[in-house]
Amino acid sequence: MSTNIFTPFTEEELMPKEEKLEVIKKGKQFSIGIPKETCLNERRTCITPDAVQVLVEHGHEIIIESGAGEGSFFTDLQYSESGARITTDPKEAFGQDLILKINPPTQEEIDYMKPNTYLVSALQINLRDKEYFLKLAEKKINAIAFEFIVDEYKQLALVRLIGEIAGTVSILYASELLALSNGLMLGGITGVRPAEVVILGAGIVGEFATKAAIGLGASIKVFDNSLSKLRRLHTMVDSRVPTSIIDPKELSKSLRRADVVIGALPRLNMTPIVTEDMVMKMKKGSVIIDITIDNGKVIETSELTTMEDPYIIKHGVIHCGLPNLTSRMPRTTTKAISNFFLSYILNYDEEGGFENMLIRKNEMKQSLYMYKGRHTKKIICDRFGLTYHDINLLIF
1 MSTNIFTPFT
11 EEELMPKEEK
21 LEVIKKGKQF
31 SIGIPKETCL
41 NERRTCITPD
51 AVQVLVEHGH
61 EIIIESGAGE
71 GSFFTDLQYS
81 ESGARITTDP
91 KEAFGQDLIL
101 KINPPTQEEI
111 DYMKPNTYLV
121 SALQINLRDK
131 EYFLKLAEKK
141 INAIAFEFIV
151 DEYKQLALVR
161 LIGEIAGTVS
171 ILYASELLAL
181 SNGLMLGGIT
191 GVRPAEVVIL
201 GAGIVGEFAT
211 KAAIGLGASI
221 KVFDNSLSKL
231 RRLHTMVDSR
241 VPTSIIDPKE
251 LSKSLRRADV
261 VIGALPRLNM
271 TPIVTEDMVM
281 KMKKGSVIID
291 ITIDNGKVIE
301 TSELTTMEDP
311 YIIKHGVIHC
321 GLPNLTSRMP
331 RTTTKAISNF
341 FLSYILNYDE
351 EGGFENMLIR
361 KNEMKQSLYM
371 YKGRHTKKII
381 CDRFGLTYHD
391 INLLIF
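The sequence shown begins at 1 in the UniProt record's numbering and counts up one residue at a time.
Written out as structure tokens, the structure is:
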């Protein structure tokens, strides 16, 4: 009787082998610097103590300049207890792999940065000059602007987030200024007509300004050159607000009756919509808030203002041109921005770090305006006469 047993396996395949354990791939941990804001009396910051705690638990090192959170009512002690390291030296905060800022760095602050650092901040292109971009290029910085950050749905995620706050704050602040200038309350009461509000722009900022004005009981009219945006706004507010395409005659008529005008249309490299002549015909004591002044004027007579001197008066009309209007509500804005950046950074951890994301995700490429010192946004290059490099040819 044969003792041979048939088996489809070879002797080698039947030999015991070492067990293979799953190795979880982690992204490259990096150090994150949070410098103290020094421009425009800025009170916001990019990250809260709660977010710091989560990032530290994921292996990141957080270095925060002393006093960075004071404007938003967060203390150094709260940050240190969450795991951050507090430094009194701005050079140390700027010397990390990733720098999170609200306002763009100054010329002096750029000198503190290491080559190939990732910088994430607002750009505020209307406040920049050519020297700023040349200085960043010398350091071979990888720069990402709030204004260009897009999500997987091709939406400007951070612009929308800050725009929601800016739209609401613009109406609340306009209400304060209107009471200051001529004692009017924005919303009407029984027997007293409500104030007239004209909103220029039916985007995110305009939408939330409209909702806030409705909530206060004002009479509103919205202007925009996009019918689709006006139609969307109608849907959002149940068609209770009259809207119009920007027709100079219709706009001029509305401005004469307006108590408050909110400018919420980016006018990059474009002429203002509201001319000085239109402003001269407005009621004395009325209020203009040009929210998007850092991306181009909507109102010709607008000027940049600061938190110390938030408004000027021209032709008897109060003009507010704060480029950081949401800084008037710093804690709410800081929490909103921090929530965004927490998910933003953790998402890159899962994908294996920034470099891997740049290769894999097109939306990440589109958020860069500089890659290793090369200018990658055509709109910036055209405005400042810089050499343009297609990001898709630099990273593939």
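For glycine and all other residues, C-beta sits at the position ideal for the given N, C-alpha and C.
Because the structure is a prediction, the values reported are computed rather than measured.
Which residues DSSP lists as bridging residue i, in chain order
i, result
"Ser119", "Residue identity check: residue 119 is Leu in the sequence provided, not Ser. Ile99 and Ala143."
"Thr45", "Answer by DSSP bridge pairing: none, since Thr45 is not bridged."
"Ile189", "Val192"
"Gly263", "Leu200 and Asp290"
"Val205", "According to DSSP, which records beta bridges pairwise, Val205 is partnered with nothing at all."
"Ile299", "Val274"
"His375", "Met370"
"Thr243", "Val222"
Close-in-space but distant-in-sequence residues of the same chain around residue i (CB under 6 Å, 5 per side omitted)
i, result
"Gly59", "Gln29"
"Ile262", "Ser170, Ile199, Ala209 and Ile289"
"Lys314", "Thr301"
"Leu265", "Leu200, Gly201 and Val298"
"Thr45", "Ala68, Gly69, Ser72 and Thr334"
"Pro115", "Lys139 and Lys140"
"Leu230", "Ala202, Asp224 and Thr243"
"Glu363", "Val150"
"Leu285", "First, the amino acid is wrong: residue 285 is Gly here, not Leu. Cβ neighbours of Gly285 beyond the five flanking positions: Ser181 and Asn182."
Unbroken beta strand (DSSP E) run spanning residue i, endpoints
i, result
"Phe223", "Ser219 to Phe223"
"Lys314", "Tyr311 to Lys314"
"Glu61", "Glu61 to Glu65"
"Met370", "Leu368 to Tyr371"
"residue 398", "Absent from the structure is residue 398, since the part of the chain shown begins at 1 and ends at 396."
"Ile34", "Ser31 to Ile34"
"Ile86", "Arg85 to Thr87"
Same chain, Cβ closer than 7 Å to residue i, neighbours up to 5 away in sequence not counted
i, result
"Lys91", "Tyr112"
"residue 470", "The question about residue 470 has no answer here: the residues shown for the chain are numbered 1 through 396."
"Gln366", "Phe148 and Val150"
"Gly188", "Pro194 and Gly217"
"Asp390", "none"
"Tyr388", "His375, Lys378 and Cys381"
"Ile165", "Thr326, Met329, Thr332, Thr333 and Ala336"
"Ile102", "Glu37, Glu42, Arg44, Thr45, Cys46, Ser121 and Ala122"
Exposure label - residue i; buried when at least 16 CB within 10 Å
i, result
"Met370", "buried"
"Ile63", "buried"
"Val159", "buried"
"Leu77", "exposed"
"Val287", "buried"
"Ser121", "buried"
"Pro248", "exposed"
"Asp129", "exposed"
"Ile359", "exposed"
"Asp89", "exposed"
"Met329", "buried"
"Asn392", "exposed"
"Lys25", "Since pLDDT at Lys25 reaches only 47, below the 50 mark, its modelled position is unreliable, and the value read off the structure follows with that caveat. That one is exposed."
"Asp259", "buried"
"Tyr153", "exposed"
"Glu11", "exposed"
Terminal residues of the alpha helix (DSSP H) in which residue i lies
i, result
"Ile379", "Lys378 to Phe384"
"His389", "Taken as a continuous stretch (DSSP letters only), His389 belongs to no alpha helix (DSSP H), as it is neither H nor E."
"Gly163", "Ala157 to Asn182"
"Thr235", "Leu227 to Met236"
"Ile359", "Phe354 to Arg360"
"Lys284", "No alpha helix (DSSP H) holds Lys284; DSSP gives it neither H nor E."
"Leu127", "First-last for Leu127: undefined, no H or E at that position."
"Phe148", "Run containing Phe148: none; DSSP gives neither H nor E here."
"Pro248", "Pro248 to Arg257"
"Ile110", "Gln107 to Tyr112"
"Leu77", "Asp76 to Glu81"
"Glu92", "Pro90 to Phe94"
Sequence-distant residues of its chain with Cβ nearer than 8 Å to residue i (five each side left out)
i, result
"Ser252", "Met278 and Lys281"
"Ile246", "Leu200, Phe223, Asp224, Asn225 and Ile273"
"Leu161", "Ala336, Ile337 and Phe340"
"Glu241", "A quick correction: the sequence has Val, not Glu, at residue 241. Excluding residues within five positions, the ones whose Cβ falls inside 8 Å are Thr210, Ile214, Ile220, Lys221, Val222, Leu233 and His234."
Spatially closest choice to residue i from the options, by CA coordinates
i, options, result
"Ile299", "Ile391, Thr275 and Thr305", "Thr275"
"Phe133", "Ser31, Ile149 and Thr106", "Thr106"
"Asn126", "Arg328, Arg240 and Ile380", "Ile380"
"Leu268", "Asn103, Leu123, Val260 and Glu42", "Leu123"
"Lys372", "Leu394, Pro49, Ala179 and Tyr311", "Leu394"
"Ser82", "Val317, Ala258, Asp50 and Tyr388", "Asp50"
"Ile291", "Gln96, Gly167, Arg43 and Val197", "Gly167"
"Leu119", "Ala137, Lys130, Glu131 and Arg331", "Ala137"
"Met270", "Asp294, Lys284 and Ala145", "Asp294"
"Leu178", "Pro310, Ile318, Ile165 and Lys154", "Ile318"
"Glu207", "Val192, Arg383, Gly183 and Val237", "Val237"
"Gly296", "Gly353, Ile312 and Gly321", "Gly321"
"Ser228", "Gly353, Ile204 and Leu180", "Ile204"
"Thr87", "Ala174, Glu61 and Ser66", "Ser66"
heavy atom of the ligand GDP below 7 Å from residue i C-beta
i, result
"Val260", "The ligand GDP is absent from the structure shown, which contains no ligands of any kind."
Test: residue i CB closer than 8 Å to a CB of chain D
i, result
"Ile293", "Absent here is chain D; the protein component of the structure consists of one chain."
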